[in-house]
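In UniProt numbering, the protein residues as written are 1 to 311.
See the structure below:
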């Protein structure tokens, strides 16, 4: 199986070699841009998994919209893409994700997508926030709880609402939301975060059915990672803890036509892309609930102790 990382920057894989080939098309294009690559919007691209999504999708032939709240960090990622993939065009969407109402998001994203040169076929709702110190719930402030809930639920829902008419215009298209394996093996100390990830899963399942009911060719999928080395987790790489680069590569490959259902070109509504994390979910599904609970508590306590040592 070919690796995205080994792809030549200005010669992205074509045909069956490109796992994102279903969305790399000119459908809906005007004569002025029918030869230009479509755009992929990725949220939370100032580092970690979001940065990897942007870089790897650019290497596969997409132009990229980079979303984040720190312009300087976004420009750093933009420069890295320009060096690695000179043919890729990039746009910046500098917006805060932890406030509501978010008129700036609505205005800026609507304006960007109204440009006829921006033909959107992929949206990756990657952004996610959590309290990295694993506090007791009563130790949280109302502000930090609100920030987690807004950025992990309202923000991706708003991004989806604004982008959906454009995804429908340029079918087949993809809407992906990144959730967490913690919705099934629920850890303590992160209840606001895990609650929002459950929202993301249900949101995708309902919208997936909505696209079927309305006979639309917008693929909706919820991508479910376990622990991944990123801005939210600083840990040694292991079989069960991949790097952001490795997990994103697996996630992109999981979206390839026929990868999960050989009778369908659409990805499944819920995917655990990383091989060993997938098998861990299979194994734990057969364990008694008490055993799974103890495993989740043990992992969370270890992370909490590690975070306390870094204070």
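Glycine residues also receive a C-beta, built at the ideal position from the N, C-alpha and C atoms.
{"Query": "In whole angstroms, what separates the C-alpha of residue 20 from that of residue 67?", "Result": "20 Å"}
{"Query": "Measuring alpha carbon to alpha carbon, tell me which residue in 303, 122 and 109 is nearest residue 58.", "Result": "122"}
{"Query": "I'd like the span of the alpha helix (DSSP H) that includes residue 303, first residue to last.", "Result": "289-309"}
{"Query": "Does residue 173 pass the burial test, meaning 16 or more other C-beta atoms within 10 Å, or should it be called exposed?", "Result": "buried"}
{"Query": "Helix, strand or coil, according to DSSP, for residue 69 in the structure here?", "Result": "coil"}
{"Query": "Look at residue 281 and residue 269 and say whether their C-beta atoms are less than 8 Å apart.", "Result": "no"}
{"Query": "By how many angstroms is the C-alpha of residue 150 removed from the C-alpha of residue 69?", "Result": "15 Å"}
{"Query": "Cβ atoms of residue 257 and residue 71: under 8 Å apart, would you say?", "Result": "no"}
{"Query": "Please say whether residue 74 and residue 94 have beta carbons closer to each other than 8 Å?", "Result": "yes"}
{"Query": "What residues in its chain sit with their C-beta under 7 Å from that of residue 188, if we drop five residues either side in the sequence?", "Result": "297 and 300"}
{"Query": "What did DSSP end up calling residue 20 once you bin it into helix, strand or coil?", "Result": "coil"}
{"Query": "With distance defined between alpha-carbon atoms, name the residue in 133, 229 and 225 nearest to residue 176.", "Result": "225"}
{"Query": "With DSSP as the reference, label residue 115 as helix, strand or coil.", "Result": "coil"}
{"Query": "Taking 7 Å as the limit between beta carbons, can you name the residues of its chain near residue 105, skipping five residues before and five after?", "Result": "95 and 158"}
{"Query": "Is residue 264 buried or exposed, if buried means 16 or more other CB atoms sit within 10 Å of its CB?", "Result": "exposed"}
{"Query": "Helix, strand or coil for residue 181, going by three-state DSSP, please let me know.", "Result": "helix"}
{"Query": "Only counting the same chain, and skipping five residues up and downstream in sequence, which positions put a Cβ closer than 6 Å to that of residue 62?", "Result": "37 and 40"}
{"Query": "Residue 302 to residue 234, Cα distance in whole Å?", "Result": "13 Å"}
{"Query": "Count the other C-beta atoms from every protein chain shown that fall within 10 angstroms of the C-beta of residue 203, then say buried if there are 16 or more, exposed otherwise.", "Result": "buried"}
{"Query": "With residue 97 and residue 127 assumed to form a contact (beta carbons below 8 Å), what rounded beta-carbon distance in angstroms separates them?", "Result": "6 Å"}
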